[in-house]
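Colleague: All residue numbers for the sequence shown refer to the numbering used here, where the first residue is 6 and numbers rise by one. Even glycine gets a Cβ: it sits at the ideal position worked out from N, Cα and C. Please read through the structure below; I'll follow up with questions.
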Amino acid sequence: MMAPTTTIETVTIVRPLKVIAFICGFIVIILMILCLASPDWLLADKFRQGLWVHCIAADAEVPLPFNLTEKGGCFSVRSVGYIKAAATFCVFCLLFDLAATAMTACGLYSKDPGLKYRLYRYAVYAMILARKNLSFSEILSQIR
Numbered sequence: 006m007m008a009p010t011t012t013i014e015t016v017t018i019v020r021p022l023k024v025i026a027f028i029c030g031f032i033v034i035i036l037m038i039l040c041l042a043s044p045d046w047l048l049a050d051k052f053r054q055g056l057w058v059h060c061i062a063a064d065a066e067v068p069l070p071f072n073l074t075e076k077g078g079c080f081s082v083r084s085v086g087y088i089k090a091a092a093t094f095c096v097f098c099l100l101f102d103l104a105a106t107a108m109t110a111c112g113l114y115s116k117d118p119g120l121k122y123r124l125y126r127y128a129v130y131a132m133i134l135a136r137k138n139l140s141f142s143e144i145l146s147q148i149r
C-alpha cells in the first residue's frame, strides 16, 4: 500500500498596480528620449534652445537672446553651467527610469516571491531618484 500524497499548487497573481507602474515607466522612457532630443526648451522669436543645440533662423533680428552673435543655423549649446547640469539631471532621470522599468519587468516575470519583493522595492527607489533628478532639471532650466 502506498502512502497518501498531497499536491500543492502555487498560483501567482499579478497585481494591476505593478503592471500600471511598468506601463508608466515605459511611457516615461519614451517621453524622456523625446525631451532630451528636442531643441525647443526655450523659444523666442526665430530662436530655439535645447539641452544640446540652439538654432537661429536665417532672418532673425538682432539683438538675439543672451547676446549671441551667430547667424542662421544650429550651433552647439552655450557653455553655461546650468544648461549642462540640467542635461546631466535629465540623462540621470532617463537612466534611473530605465533601471526601474527593467526591475519592474523582471519582478513581473519572476516566480520567486522574495525576489519579486526586492525588485519592486528597488524599482520604487529608482523611480524616486528619477523624479528627483527631473525636478532638479526643471528647476535648473529656469535659471538664466
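Who are the Cβ neighbours of Cys98 in its own chain at under 7 Å, not counting the five residues just before and after it?
Modeller: Correct list, in chain order: Met37, Ala135, Asn138, Leu139 and Ser142.
Colleague: Applying the 10 Å Cβ sphere with the 16-neighbour rule, what's the burial state of Ala42?
Modeller: With fewer than 16 other Cβ atoms within 10 Å, it is exposed.
Colleague: Less than 8 Å separating the beta-carbons of Pro70 and Ala49?
Modeller: Contact flag set, yes.
Colleague: Could you tell me which residues DSSP puts in a beta bridge with Ala49?
Modeller: Ala49 pairs with Phe52.
Colleague: Would you check if the distance between the CB atom of Val58 and the CB atom of Cys79 is smaller than 8 Å?
Modeller: Yes, they are a contact pair.
Colleague: Figure out for me which residue from Leu56, Thr10 and Phe27 has the closest Cα to the Cα of Arg128.
Modeller: Note on residue identity: the sequence assigns Ala, not Arg, to residue 128. For the residues Leu56, Thr10 and Phe27, the minimum Cα distance to Ala128 belongs to Phe27.
Colleague: Quick one: give me the first and last residue of the beta strand (DSSP E) that Phe71 is part of.
Modeller: No beta strand (DSSP E) holds Phe71; DSSP gives it neither H nor E.
Colleague: Relative to the C-alpha of Ile18, which candidate in Phe31, Arg126 and Tyr114 has its C-alpha closest?
Modeller: Among Phe31, Arg126 and Tyr114, the Cα nearest to that of Ile18 is on Tyr114.
Colleague: Which of the three DSSP states is assigned to Gly78 in this structure?
Modeller: Gly78 falls in the strand class under three-state DSSP.
Colleague: Spell out the partners DSSP gives Val167 in its beta bridges.
Modeller: Past the edges of the chain, shown from 6 to 149, lies residue 167, and the structure says nothing about it.
Colleague: If you follow the alpha helix (DSSP H) that Arg136 is part of, which residue opens it and which one closes it?
Modeller: Counting along the chain, the alpha helix (DSSP H) containing Arg136 begins and ends at Pro118 to Ser146.
Colleague: Looking only at its own chain, which residues have a Cβ that is under 7 Å from the Cβ of Ala65, when we skip the five neighbours before and after it?
Modeller: So the list reads Lys51, Phe52 and Gly77, once near-sequence residues are dropped.
Colleague: Could you give the first and the last residue of the continuous alpha helix (DSSP H) run that contains Ala1?
Modeller: Residue coverage of the chain in this structure runs from 6 to 149, which leaves residue 1 outside it and unanswerable.
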